[in-house]
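In our numbering, the protein residues as written are 9 to 170.
Beta carbons are placed, not taken as given, at the ideal position from N, Cα and C, and that holds for glycine.
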Amino acid sequence: MKRIIYSVGFFLIVLFLCTGFMLSYQVADLKDRIYDLEESSAQVQQQVSAVSANPKGQDFIFQRYEEGILKQECYRITAYGEQRVILRRENTETVSENAKEGYQLRLENGCVVVYEKADNTVFEYTDIPLEALPKDLQAEVLLGKDLKTLDELYSFLENYSS
């Protein structure tokens, strides 16, 4: 009888020790996962903030094809917070007038290319690599940075050409 009691006691001790080790391993694994998620969320937050230092008042133009016709919709950020962004839809006629003026910087084959917005043709190929630009400007070029005047364009080209 003593033998059975000692065996059961020994079994319970081994069971509790194994459970303790397993739980401590799972807690350590969860801490690692939480740390990784916090780190990746911080990186995503930096990337989002790199798109624009102050997005309030910035226009976003969405293009889509509807029955073979290109439709444009413009939204402007009127307010934003940590968990909410308020967009206001702009007048389409104003958008199409403003959207056709000026130049747009885009990325092709790792270099910045200047397009005329009026007819969406290449205005000038540059040898400016994306890596040569500051982080916030890199994000803008990836999204298609708009320049309104020829002076702005030449100023950009003078600043970043090697």
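| task | Give a yes or no on whether the C-beta atoms belonging to Glu109 and Val122 are separated by under 9 Å. | result | no
| How many angstroms separate the CA atom of Thr129 from the CA atom of Gly152? | 14 Å
| task | Using only alpha-carbon positions, find the residue among Glu90, Glu116, Arg11 that is nearest to Glu139. | result | Glu116
| task | Use the C-beta contact count for Leu141: other C-beta atoms within 10 angstroms, 16 or more gives buried, fewer gives exposed. | result | buried
| request: Look at Tyr83 and Asp67 and say whether their C-beta atoms are less than 9 Å apart. | output: yes
| query | Around the C-beta of Phe164, are 16 or more other C-beta atoms found within 10 angstroms, so that it is buried, or is it exposed? | reply | buried
| Buried versus exposed, by CB contacts within 10 Å (16 or more), Leu155 | buried
| Where Glu90 and Glu46 are concerned, what is the direct C-alpha to C-alpha distance, given to the nearest angstrom? | 16 Å
| message | Tell me which residue opens and which closes the beta strand (DSSP E) that Gln112 is part of. | response | 111-116
| request: Classify Tyr111 as buried or exposed, calling it buried when 16 or more other Cβ atoms lie within 10 Å of its own Cβ. | output: buried
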